[in-house]
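What follows is a single structure, written as structure tokens, with notes after it.
There are 2 protein chains.
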Amino acid sequence: MNISDCFPIWNKLNEVQKDRILKSATERTVKKGTVVHNGSADCIGFLLIKSGLLRAYMLSEDGREITLFRLFEMDMCLFSASCMFQDIQFDINIEAEKETEFWIIPADVYKSIMEESIALSNYTNSILSSHFSDVMWLLEQIMWKSMDKRVAEFLLMEVNLEDNMRLEITHEEIAKHLGTAREVITRMLRYFQSEKAIELSRGVVKIIDKKKLQNFAEKGSANKNVRYS
Amino acid sequence: MNISDCFPIWNKLNEVQKDRILKSATERTVKKGTVVHNGSADCIGFLLIKSGLLRAYMLSEDGREITLFRLFEMDMCLFSASCMFQDIQFDINIEAEKETEFWIIPADVYKSIMEESIALSNYTNSILSSHFSDVMWLLEQIMWKSMDKRVAEFLLMEVNLEDNMRLEITHEEIAKHLGTAREVITRMLRYFQSEKAIELSRGVVKIIDKKKLQNFAEKGSANKNVRYS
Numbered sequence: 276m277n278i279s280d281c282f283p284i285w286n287k288l289n290e291v292q293k294d295r296i297l298k299s300a301t302e303r304t305v306k307k308g309t310v311v312h313n314g315s316a317d318c319i320g321f322l323l324i325k326s327g328l329l330r331a332y333m334l335s336e337d338g339r340e341i342t343l344f345r346l347f348e349m350d351m352c353l354f355s356a357s358c359m360f361q362d363i364q365f366d367i368n369i370e371a372e373k374e375t376e377f378w379i380i381p382a383d384v385y386k387s388i389m390e391e392s393i394a395l396s397n398y399t400n401s402i403l404s405s406h407f408s409d410v411m412w413l414l415e416q417i418m419w420k421s422m423d424k425r426v427a428e429f430l431l432m433e434v435n436l437e438d439n440m441r442l443e444i445t446h447e448e449i450a451k452h453l454g455t456a457r458e459v460i461t462r463m464l465r466y467f468q469s470e471k472a473i474e475l476s477r478g479v480v481k482i483i484d485k486k487k488l489q490n491f492a493e494k495g496s497a498n499k500n501v502r503y504s
Numbered sequence: 276m277n278i279s280d281c282f283p284i285w286n287k288l289n290e291v292q293k294d295r296i297l298k299s300a301t302e303r304t305v306k307k308g309t310v311v312h313n314g315s316a317d318c319i320g321f322l323l324i325k326s327g328l329l330r331a332y333m334l335s336e337d338g339r340e341i342t343l344f345r346l347f348e349m350d351m352c353l354f355s356a357s358c359m360f361q362d363i364q365f366d367i368n369i370e371a372e373k374e375t376e377f378w379i380i381p382a383d384v385y386k387s388i389m390e391e392s393i394a395l396s397n398y399t400n401s402i403l404s405s406h407f408s409d410v411m412w413l414l415e416q417i418m419w420k421s422m423d424k425r426v427a428e429f430l431l432m433e434v435n436l437e438d439n440m441r442l443e444i445t446h447e448e449i450a451k452h453l454g455t456a457r458e459v460i461t462r463m464l465r466y467f468q469s470e471k472a473i474e475l476s477r478g479v480v481k482i483i484d485k486k487k488l489q490n491f492a493e494k495g496s497a498n499k500n501v502r503y504s
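Chains A and B, in that order, give the protein sequences. For the first sequence, the working numbering begins at 276 and goes up steadily by one. For the second sequence, the working numbering begins at 276 and goes up steadily by one.
As structure tokens, this is what we get:
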């Protein structure tokens, strides 16, 4: 797969623009767990994902995390080049959740093409809108949804993503995705286990009753102790 | 003041584009409290603020609110025309906080110019980025900041905005801005009053010691009962 196959508006660029991207882009493969972009500390460029999975997250001063959105095959990430956009006034971090291959398009190359290509400028609008929508969805969840529903929903999302009912994930990792404490997650997971929706073992959450979990995601649990945190 | 004075990239549009905007835009004046845009129920077009103040907020199914950002003179709002952007997958509401004058540019006119003008497309990118930054700031506040700090910070912001230490605002209104319950706000305000930072009367919060309030905004209060909610 080449950069031209992954770049959605490739055919709307002219030959000079294509050539500039091809000559300046570099390919990189990172292992699971690699921090690809680190807040305001770097401005590596635009990422175009060839394969794998990246996680964009926010980090508090004291090291707490919450996942903002994920980047899949053919997704593009602007925020690793946010130094180029003066109106983007926030920093995010990006980490590989699986082994991931991506291209890096230097920020200045992307930006100069954006200034002459309506197609790239409008495409950038649509990427921004789509990540904005992800964050608005998250804000809605945080504001109006109890943590038990969010944990159940997260597990169902992971099942879809991994195409596997057996998830290799720790309580700490789930807590970091959802922006809460590990103890809160442990309490919820134990409750789901006691209700026979999941089965827990070291580093593994196995979904044994997807319908029950869907029910928790929609209606929450009747148990008040696990609703709030 | 004309539309050309408020539209930041007016001079980068060609005569045909300017003419289309001038002929299609309509001017509107609304009173304080008017709901200008109502989630997915309408798609009135792009708003360009001539004077006044609008508030963009999120509404839960059961009627709770939280302010996302505010729109001042010369600001443009895209989300009242979000039906035109397929990647914007969320609904917001917009309400006038003061008597407000604005122009409405029909969504189809704006969008068709955006498809031929790089200037407008890049300007749209910068509006999106700036509102995205507002929401990320909000998310950070909600995730990592205790409510006492947020209330103190909100009051200081209002003092700046109104250029007045006497704020005509109810506890209910503050609660809607910050996405919490009125009781929580009342508890915090009473604490600030007991510490002689503010003075409360019916529908009024008067700041009597700005430094103390700044201190609460930065360091929070020592009183555990008002930190969390």
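Each residue gets a CB set at the ideal place from its N, CA and C atoms; glycine is no exception. Since we're looking at a predicted model, the values are computed, not measured.
Beta carbon of residue i nearer than 8 Å to that of residue j
i, j, result
"A/Phe347", "B/Leu403", "no"
"A/Leu395", "A/Leu488", "no"
"B/Ala371", "B/Gly454", "no"
"A/Glu390", "B/Asn397", "yes"
"B/Ile278", "B/Gly314", "no"
"B/Ile483", "B/Lys471", "yes"
"B/Glu428", "B/Ala492", "yes"
"B/Val311", "B/Ile380", "no"
"B/Met422", "B/Val459", "yes"
"B/Ile388", "A/Ile417", "no"
"A/Ile296", "A/Val384", "yes"
"B/Ile393", "A/Ile284", "no"
Among the options, nearest to residue i - alpha-carbon criterion
i, options, result
"B/Leu442", "B/Glu458, B/Asn368, B/Leu464 and B/Lys424", "B/Leu464"
"B/His452", "B/Met440, B/Arg345 and B/Val384", "B/Arg345"
"B/Gln364", "A/Val384, A/Val410, A/Tyr332 and A/Val305", "A/Val410"
"B/Leu430", "B/Glu336, B/Ala450 and B/Ser335", "B/Ala450"
"B/Glu376", "B/Gly327, B/Asp317 and B/Asp438", "B/Gly327"
"A/Thr445", "A/Glu474, A/Val291 and A/Asp438", "A/Glu474"
"B/Asp337", "A/Val426, A/Ser469 and A/Lys420", "A/Lys420"
"B/Leu436", "B/Lys373, B/Asp294, B/Ser357 and B/Trp285", "B/Lys373"
"A/Ser357", "B/Ser405, B/Cys318 and B/Asp362", "B/Ser405"
"B/Ala331", "B/Asn286, B/Asp362 and B/Leu413", "B/Leu413"
"A/Leu329", "A/Val305, A/Asn490, A/Asn286 and A/Ser469", "A/Val305"
"B/Cys281", "B/Trp378, B/Ser469 and B/Asn490", "B/Trp378"
"A/Lys485", "A/Arg477, A/Gln468 and A/Ser476", "A/Gln468"
"A/Cys318", "A/Arg477, A/Gln361 and A/Val291", "A/Gln361"
beta-carbon residue i near the ligand MN non-hydrogen atom, thresh 7 Å
i, result
"A/Gln468", "The ligand MN is not part of this structure, which contains no ligands at all."
Expected contact under 8 Å - CB spacing of residue i and residue j to nearest Å
i, j, result
"A/Arg457", "A/Glu447", "5 Å"
"A/Met359", "A/Ala382", "4 Å"
"B/Glu415", "A/Met333", "7 Å"
"A/Tyr466", "A/Asn498", "6 Å"
"A/Gly495", "A/Lys424", "5 Å"
With a threshold of 8 Å, are at least 3 pairs of Cβ atoms found where one atom belongs to the region 322-339 of chain A and the other to the region 351-362 of chain A?
Yes, they touch.
Could you please tell me which residues of the region 397-424 of chain B, in chain order, have their CB closer than 9 Å to any CB of chain A?
Answer set for the region 397-424 of chain B: Asn397, Thr399, Asn400, Ser401, Ile402, Leu403, Ser404, Ser405, His406, Phe407, Ser408, Asp409, Val410, Met411, Trp412, Leu413, Leu414, Glu415, Ile417, Met418 and Trp419.
Scan the region 336-349 of chain A for residues whose Cβ lies nearer than 9 Å to a Cβ of chain B and list them as they occur along the chain.
Glu336, Asp337, Arg339, Ile341 and Leu343
Could you run through the region 299-312 of chain B and flag, in chain order, every residue whose CB is less than 9 Å away from some CB of chain A?
none
Short of 7 Å Cβ to Cβ, which residues in the region 359-382 of chain A face chain B?
Per Cβ criterion, the list reads Phe360, Asp362, Ile363, Gln364 and Phe365.
Along the region 461-488 of chain B, what residues have a CB closer than 7 Å to any CB found in chain A?
none
Residues in the region 441-456 of chain A with C-beta within 9 Å of chain B's C-beta atoms, listed in sequence order?
Gly454
Is the region 335-343 of chain B in contact with the region 288-303 of chain B, if contact means three or more CB pairs nearer than 8 Å?
no
Going along the chain, which residues of the region 316-338 of chain B sit with their C-beta nearer than 9 Å to a C-beta in chain A?
Within the region 316-338 of chain B, the residues whose Cβ lies closer than 9 Å to some Cβ of chain A are Met333, Ser335, Glu336 and Asp337, listed in chain order.
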